[in-house]
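A.B. asks: Structure in structure tokens, see below.
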Amino acid sequence: AHCPNLTIIDTPGFVLKAKKGEPENTPQEILSMVKSLASPPHRILLFLQQSSVEWCSSLWLDSIREIDPTFRRTVIVVSKFDNRLKEFSDRWEVDRYLSASGYLGETTRPFFVALPKDRSTVSNDEFRRQISQVDSEVLGHLHDGIKGGYDEEKFKPYIGFCSLREYLESELQKRYKEAAPATLALLEQRCSEVNIELERLDSKIQTTSDVSHLRKSAMMHAASISNQVGVLIDGAADPAPEQWGKTTEEERSESGIGSWPGVTVDIKPANAILRLYGGAAFERVMHEFRCAAYSIECPPVSREKVANILLAHAGRGGGRGVAEAAAEIARTAARSWLAPLLDTACDRLAFVLGNLFDIAIERNRSRESEYGRKTGDMEGYVGFHAALRHAYNSIIKDLAKQCKQLVRHHLDSVTSPYSQVFYENDFHGSFGSSANSYFRHNQASAGSIWFELSDCGQVSHDERMRDQENIPPENNARQKTPGKGTEARDVHRESQMTVPETPSPDQPCDGVKVDVGPRKRIARIGNRNPEQLMKVHNGGSLLFGNGDCGSRSAYTEICSLAAQHFARIREVLVERSVTSTLNSGFLTPCRDRLVVELGLDLFAVNDEKFMDMFVSPATIEVLQHKRQSLQNRQKVLQSCLTEFKNVARSL
Numbered sequence: 001a002h003c004p005n006l007t008i009i010d011t012p013g014f015v016l017k018a019k020k021g022e023p024e025n026t027p028q029e030i031l032s033m034v035k036s037l038a039s040p041p042h043r044i045l046l047f048l049q050q051s052s053v054e055w056c057s058s059l060w061l062d063s064i065r066e067i068d069p070t071f072r073r074t075v076i077v078v079s080k081f082d083n084r085l086k087e088f089s090d091r092w093e094v095d096r097y098l099s100a101s102g103y104l105g106e107t108t109r110p111f112f113v114a115l116p117k118d119r120s121t122v123s124n125d126e127f128r129r130q131i132s133q134v135d136s137e138v139l140g141h142l143h144d145g146i147k148g149g150y151d152e153e154k155f156k157p158y159i160g161f162c163s164l165r166e167y168l169e170s171e172l173q174k175r176y177k178e179a180a181p182a183t184l185a186l187l188e189q190r191c192s193e194v195n196i197e198l199e200r201l202d203s204k205i206q207t208t209s210d211v212s213h214l215r216k217s218a219m220m221h222a223a224s225i226s227n228q229v230g231v232l233i234d235g236a237a238d239p240a241p242e243q244w245g246k247t248t249e250e251e252r253s254e255s256g257i258g259s260w261p262g263v264t265v266d267i268k269p270a271n272a273i274l275r276l277y278g279g280a281a282f283e284r285v286m287h288e289f290r291c292a293a294y295s296i297e298c299p300p301v302s303r304e305k306v307a308n309i310l311l312a313h314a315g316r317g318g319g320r321g322v323a324e325a326a327a328e329i330a331r332t333a334a335r336s337w338l339a340p341l342l343d344t345a346c347d348r349l350a351f352v353l354g355n356l357f358d359i360a361i362e363r364n365r366s367r368e369s370e371y372g373r374k375t376g377d378m379e380g381y382v383g384f385h386a387a388l389r390h391a392y393n394s395i396i397k398d399l400a401k402q403c404k405q406l407v408r409h410h411l412d413s414v415t416s417p418y419s420q421v422f423y424e425n426d427f428h429g430s431f432g433s434s435a436n437s438y439f440r441h442n443q444a445s446a447g448s449i450w451f452e453l454s455d456c457g458q459v460s461h462d463e464r465m466r467d468q469e470n471i472p473p474e475n476n477a478r479q480k481t482p483g484k485g486t487e488a489r490d491v492h493r494e495s496q497m498t499v500p501e502t503p504s505p506d507q508p509c510d511g512v513k514v515d516v517g518p519r520k521r522i523a524r525i526g527n528r529n530p531e532q533l534m535k536v537h538n539g540g541s542l543l544f545g546n547g548d549c550g551s552r553s554a555y556t557e558i559c560s561l562a563a564q565h566f567a568r569i570r571e572v573l574v575e576r577s578v579t580s581t582l583n584s585g586f587l588t589p590c591r592d593r594l595v596v597e598l599g600l601d602l603f604a605v606n607d608e609k610f611m612d613m614f615v616s617p618a619t620i621e622v623l624q625h626k627r628q629s630l631q632n633r634q635k636v637l638q639s640c641l642t643e644f645k646n647v648a649r650s651l
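For the sequence shown, the residue numbers in UniProt numbering are 1 to 651.
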């Protein structure tokens, strides 16, 4: 029979036990292989079994029944039937054996065949003649050698190789007829798809030198990537964050930045163990920066530094020396300790945004595959993709540089001698609180808007108590504000009588010029302790000579005020300036102006420079090789279609 696309698979025979030298699991492997090959529903199973095996003891018949329970696509063939004939003498014995005694069901009929005994090398024609002769001998023995013969009408079509061949040919013809419409439709569809792909490749090869077409496709691709970056910043969960996101520790190590400069404690922001990207990772870094900033307190200052600042104001009159010295120390400490934190925050945020490029490409690829369309087919243009990546990274670096300048400007402003940070009304209420209380309060407020989603449990009571060590109670913190208690007011009245040249800000004396503006505010902060003023004006015995004994020294007072000023600078910088600046400096340009910046970098050039990204001999060679492969496939499919049409006509 002429059977195009017919495949015959000959599997090893079933065995109960592995032969010597074979692995012990050989029987299981053979059974598993046969089940795997026989599982496709369009395959015909030819089960071959020797006639010496009784139907009731056929173990492998059960295995075939697991694959094809009704034997709808199974052809059972009993071999060496001539040997079994010698055991039959009466008709009922033959008929019972040929009917399989009900083991195969009423609709299943096995075939019984025998091969020639002569195994010498013969031609195909001679072998076919010998097979026909054996079939005739078997049928003759059943008719003449068995008492009463056999049921020829029922069993003759299933005896001999010739009957088996006729059945297989008719079954194949039937299968071809049933599958012809679907097969022809599938072949025509495959041919059409290959033709469309060939046309696309031909067009792409031609457009490798078409500047206008390349510009359009490149712009569409860049715009699509920019749009995906914006979507990721606004919040997305595709592609999978488990694969593309990073934990806080991974961000630190892969960025090469490490820990926050000047921070001795281990900063672990909320959701640190979750893999995040885009806007979520950006906000986590912002929260981590806030925690790091509030963990830094004003560093201790040597007496020499305090003396150099304070003594310079000693001869200028007035009582502003202590306050000005504390403010200057706080400003210097803020510039020294907070500036590296700001730079690190910008670098970490730039790393988060830089990672979005690969994620945006993956998201864009999945969207194109999902919707079956491509916004600018740039596949294979390695030079363009490299230029696009370089342009994106350059934009992120420029944004980081600009943000560093902006936050440094805010730091310079808040640490300027002319800044009004120390004199705002909302500062007086917490003037006497320690720097540590600032950290605790603001860290709590920061956590209130940042949800902990990682499964890390709650902080134990002991850990909370350890965090509160050495923190004075609220009442103790409040009573440290100079000039607010009864005792301070009594001393204040005494100072007004003995030191007329330093009047109370609220009660100016005749002949003394009243300070206004910032100087008046400095006086309010710096002159709240009249006892210190008396000692300073009476010879400065408080200045570091006898400062370790008696009442509170100027050094201690300056350090305390400096810590409060430092906390105020930190609070204003973090809460008012840096957060909004980094959001507007990084996220807004990536959302609104990224496509414009990429366009200016990549496309605002002449055609010659633009084509440098696309002139790639290797790319053209790959396209031509792919076209050649498609042309070969087109020929094969067309040949199959033509041949199958001819077969379908003859069915």
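Think of the CB as a built atom: it goes at the ideal place given N, C-alpha and C, for glycine as much as any other residue. Just so we're clear, the structure is a prediction, and the values are computed from it rather than from any experiment.
For L198 and K216, what's the separation of their Cα atoms in angstroms?
C.D. replies: 22 Å
A.B. asks: Is S79 helix, strand or coil by DSSP?
C.D. replies: If DSSP states are grouped into helix, strand and coil, S79 belongs with the strands.
A.B. asks: Give me the DSSP bridge partner(s) of F47.
C.D. replies: I76
A.B. asks: Below 9 Å between beta carbons: does that hold for L561 and A334?
C.D. replies: Not in contact: L561 and A334 (Cβ atoms no closer than 9 Å).
A.B. asks: By how many angstroms is the C-alpha of N393 removed from the C-alpha of S434?
C.D. replies: Only weak support is given to the placement of S434: the predicted model assigns it a pLDDT of 40, under 50, and the value that follows is read from those uncertain coordinates. Answer to the nearest angstrom: the Cα atoms are 43 Å apart.
A.B. asks: If contact is defined by three or more beta carbon pairs under 8 Å, each pair taking one atom from either stretch, is the segment 144 to 164 in contact with the segment 86 to 100?
C.D. replies: yes
A.B. asks: Mark N124 as exposed unless 16 or more other C-beta atoms lie within 10 angstroms of its C-beta, in which case mark it buried.
C.D. replies: Classification for N124: exposed.
A.B. asks: Hey, could you find the ends of the alpha helix (DSSP H) W244 is sitting in?
C.D. replies: It spans P241 to W244 - the alpha helix (DSSP H) in which W244 sits, taken as one unbroken run.
A.B. asks: With H, G and I counted as helix, E and B as strand and the rest as coil, what does DSSP make of I257?
C.D. replies: coil
A.B. asks: In the segment 361 to 424, which residue ranges form an unbroken alpha helix (DSSP H) of at least 4 residues, counting only runs that do not cross its ends?
C.D. replies: Secondary structure remark: continuous alpha helix (DSSP H) runs of at least 4 residues inside the segment 361 to 424, in chain order: 382 to 414.
A.B. asks: Closest to I558 by C-alpha separation, out of I329, R65, Q638 and A179, would be which residue?
C.D. replies: Of the candidates I329, R65, Q638 and A179, I329 places its Cα closest to the Cα of I558.
A.B. asks: Look up D90 in the DSSP assignment and give the residues it is bridged to.
C.D. replies: DSSP, once it has assigned bridges, lists K147 as partnering D90.
A.B. asks: Along the alpha helix (DSSP H) that carries D592, what are the first and last residues, could you check?
C.D. replies: Here the alpha helix (DSSP H) through D592 covers T588 to D592.
A.B. asks: Should residue 654 go down as buried or exposed, given a rule of 16 or more other Cβ atoms within 10 Å for buried?
C.D. replies: The requested residue 654 is not part of the displayed model; the chain covers only 1 to 651.
A.B. asks: For F357, which residues in the same chain have their Cβ closer than 8 Å to its Cβ, ignoring the five residues on either side in sequence?
C.D. replies: The residues are I225, V229, R389, Y392 and N393.
A.B. asks: Along the chain, where does the alpha helix (DSSP H) containing V263 start, and where does it finish?
C.D. replies: Run containing V263: none; DSSP gives neither H nor E here.
A.B. asks: Put L115 into one of helix, strand or coil per three-state DSSP.
C.D. replies: coil
A.B. asks: Let me check understanding here. Comparing Cα to Cα, which of D210, D202, E178 and E575 lies closest to M611?
C.D. replies: D210
A.B. asks: What's the call for Q49, buried or exposed, on a 16-neighbour Cβ count within 10 Å?
C.D. replies: With 16 or more Cβ atoms within 10 Å of its Cβ, Q49 is classed as buried.
A.B. asks: Quick check: the segment 568 to 587 against the segment 406 to 422, are at least 3 beta-carbon pairs closer than 8 Å?
C.D. replies: yes
A.B. asks: Quick one, which of L139, D62, C162 and L164 has its alpha-carbon nearest E152's?
C.D. replies: L139
A.B. asks: Below 7 Å CB to CB, which residues in the same chain sit around residue 658 once its five sequence neighbours on both sides are set aside?
C.D. replies: This structure leaves residue 658 out entirely; the chain is present only between 1 and 651.
A.B. asks: Nearest chain B C-beta to S132 closer than 9 Å, yes or no?
C.D. replies: In the displayed structure, chain B is absent; only one protein chain is listed.
A.B. asks: Measuring CA to CA, which of E254, A222, P269 and A281 is closest to G235?
C.D. replies: A281
A.B. asks: Using the rule of at least 16 other Cβ atoms within 10 Å of the residue's Cβ for burial, across every protein chain shown, is V574 buried or exposed?
C.D. replies: Burial check for V574: the Cβ neighbour count within 10 Å reaches 16 or more, so the residue is buried.
A.B. asks: Which one of D601, L45 and R568 has the shortest CA to CA distance from R73?
C.D. replies: L45
A.B. asks: Could you check the C-alpha separation between C56 and L104 for me, to the nearest Å?
C.D. replies: Computed Cα separation, rounded: 10 Å.
A.B. asks: For A350 and K397, which I take to be in contact (beta-carbon distance under 8 Å), what is that distance rounded to the nearest angstrom?
C.D. replies: 7 Å
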